[in-house]
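A quick write-up on the structure given underneath.
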């Protein structure tokens, strides 16, 4: 009974894909682009493998199936967004600057990671892996909480009116997230410039 | 050669569906509900016919295919939104009231026609029938133009600061449209109450 075992090990070794530098991220990058372009159903693992320049077996070496790739894009995008925005707001002083930092960094990350962001916004509600769902929820909650904290600090410090935190944070995230419906990267103005306009509008209000 | 002709007429008459009161609207109502619930691909014309309580032939009497039903929902929703919002704003006086009227009526229509609204927001970009696309675009443009006019009037009358019309109308429509991602009808507060909060926030701004 030792021969089959040996054969199995040998065939596993033969089937092992070549080492791809930064493979996981490259697979996720190309998958996000294909999902954004052709939709989730319109993208096959064969196309993804061809795009990355590896075999389908190499893809399976990193991800058990297409759905896990999809959910990994969502979590990675939220991680990146969270990190990028918190770095940007850390360097600001005062609630107005912090709000502008939050909004422009959010828009900036959206523009720079457009495909992943699109995949994240489309796919968030349809996630199935409970571990990934928990991770994504935690990241989203942290991101929203950071915004709520900026607003709460502004109110506490007297820089902002005693506005409702829920309404304000929801209004701001709606403006930023709805960009996905009309903004196209690389066509003129940067997303962050639109976000700065929104921020100025929110701060000053409409009333003369 | 007269007999086949007669037979054809007779068979057509036999195949003619019974008259359904307000059939077109009933088909669109049920289709919107099914599309919102199970998605476009997940809804068959057989299910739709069963839901309306008619035969598939009866559906085909009104619409050539599923895609036309989908696009008819989009156009009907935009027509209804346009009509509801323009009626509401006509009864207001002054830019602040007009803005509140626009925003609460938009939210109200969204809540009352939730399934159609969902279908409209999901399907708008994927329309194929050029006549329907032109109708939908005209209605959407008219709706947006009505909002821009309210803002422009407010600036001209000195009620609003000299804010940028594009940024302001885009910000307001983003808040209203993003409701589709978090608001569920019939669970507590009305959509119009949230819209009124947004309006108050927009008018007063954040700065103390």
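Residue numbers (our numbering), protein chains in the order written: chain A, 135 to 342; chain B, 135 to 342. Note that beta-carbon positions come from the ideal geometry of N, C-alpha and C, so glycine has one too.
Here DSSP, grouped into helix, strand and coil, assigns residue 341/A to strand. Close to residue 274/A, with beta-carbon spacing below 7 Å, lies no residue of chain B; the smallest spacing is near 12 Å. Residue 309/B is a Cβ neighbour of residue 308/A, given a cutoff of 8 Å. Contacts with chain B at 8 Å (Cβ-Cβ) do not include residue 242/A.
Only buried fits residue 222/B, as 16 or more other CB atoms lie within 10 angstroms of its CB.
In the three-state scheme derived from DSSP, where H, G and I count as helix and E and B as strand, residue 294/A is classed as strand. Close to residue 301/B, with beta-carbon spacing below 9 Å, are these residues of chain A in chain order: 328, 331, 332, 334, 335.
Contact with chain A is found for residue 342/B, since one of that chain's Cβ atoms lies less than 8 Å from the residue's Cβ. For residue 333/B, the CB contacts under 7 Å within the same chain, skipping 5 residues up- and downstream, are 233, 234, 237 in chain order.
By a beta-carbon distance limit of 8 Å, residue 298/A does not contact residue 175/B. Their separation comes to about 40 Å.
For a cut-off of 8 Å, the C-beta gap from residue 211/A to residue 254/A is around 4 Å, short enough to register as a contact.
For the pair residue 203/B and residue 162/B, the Cα-to-Cα distance works out to about 7 Å. Among the residues of chain B, those whose CB is under 7 Å from the CB of residue 297/A are 335, 340, following chain order.
The alpha carbon of residue 201/B has as its nearest neighbour, out of 182/B, 187/B, 216/B, 214/B, the alpha carbon of 182/B. Here residue 312/B is buried: its Cβ has 16 or more other Cβ atoms, across all protein chains shown, within 10 Å.
Not one beta carbon of chain B lies nearer than 8 Å to the beta carbon of residue 199/A. Cβ atoms of residue 305/A and residue 230/A stay farther apart than 8 Å, at about 16 Å.
Residues of chain B whose Cβ lies closer than 7 Å to the Cβ of residue 309/A are, in chain order, 305, 308, 309. For residue 251/B, no CB of chain A lies under 8 Å from its own CB, so it is not counted at the interface with that chain.
Using a Cβ-Cβ cut-off of 8 Å, residue 280/B does not count as an interface residue toward chain A, since no Cβ of chain A sits closer than that to its own. Proximity to residue 295/A across 319/B, 341/B, 172/B peaks at 341/B, based on C-alpha coordinates.
Burial of residue 242/B is indicated by the presence of at least 16 other C-beta atoms within 10 angstroms of its C-beta.
When secondary structure is reduced to three states using DSSP, residue 324/A falls in the coil class, being assigned neither helix nor strand.
For residue 163/B, the enclosing alpha helix (DSSP H) covers residues 157-172. Unbroken alpha helix (DSSP H) stretches of 4 residues or longer found wholly inside the region 219-258 of chain B: 229-246, 248-257, given in chain order. By the C-beta density criterion, residue 288/A is buried, having at least 16 other C-beta atoms within 10 angstroms.
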